[in-house]
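Under full-length UniProt numbering, the residue at position 39 of the sequence shown is numbered 39, and the numbers go up by one with no gaps.
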Amino acid sequence: MSERPKVGVGVIVIKDGKILLGKRKNAHGEGAWSFPGGHLEFNESWEDCASRETMEETGMVIKNIRFGTATNDIFQAEEKQ
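Given below as structure tokens:
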């Protein structure tokens, strides 16, 4: 496991008063509903990460990307079964 921190980006997509959620597959929290998102890549802005992750996970192109908030959450490594 890498000792380097990872920055996660969650994307809240709102259109016509509706919020996009997806059901998690093949990841921690499998089966839970969540926003699109993933890890920030080296030299990538938060906005570029939000756009890329949303495209990868949903096939949607998003526009008018705005920063909402930040949290400082520390998670210990999960054991793989």
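Don't be surprised by glycine CBs; every beta carbon is placed ideally from N, CA and C.
To the nearest whole angstrom, what separates the beta carbons of residue i and residue j, a pair I think is in contact under 8 Å?
{"i": "C49", "j": "E41", "result": "7 Å"}
{"i": "K18", "j": "G31", "result": "About 22 Å; that fails the 8 Å criterion."}
For residue i, which residues in the same chain have their Cβ closer than 8 Å to its Cβ, ignoring the five residues on either side in sequence?
{"i": "F67", "result": "W46 and E47"}
{"i": "S51", "result": "V61, I62 and I65"}
Got a sec? Which residues, its chain only, sit under 6 Å from residue i by beta carbon, not counting five neighbours each side?
{"i": "M60", "result": "T54"}
Considering only residues of the same chain and omitting the five flanking positions on each side of residue i, which have a CB-CB separation below 7 Å?
{"i": "residue 87", "result": "In the structure as shown, the chain starts at 1 and stops at 81, and residue 87 therefore has no counterpart that could be examined."}
Looking at the secondary structure, which residues open and close the beta strand (DSSP E) in which residue i lies?
{"i": "V7", "result": "From DSSP, V7 is part of no beta strand (DSSP E); its letter is neither H nor E."}
Three or more beta-carbon pairs under 8 Å between the region 29 to 39 and the region 8 to 16, yes or no? yes
Please give the ranges of any alpha helix (DSSP H) in the region 25 to 49, keeping only runs that are unbroken, at least 4 residues long and fully inside the region. none
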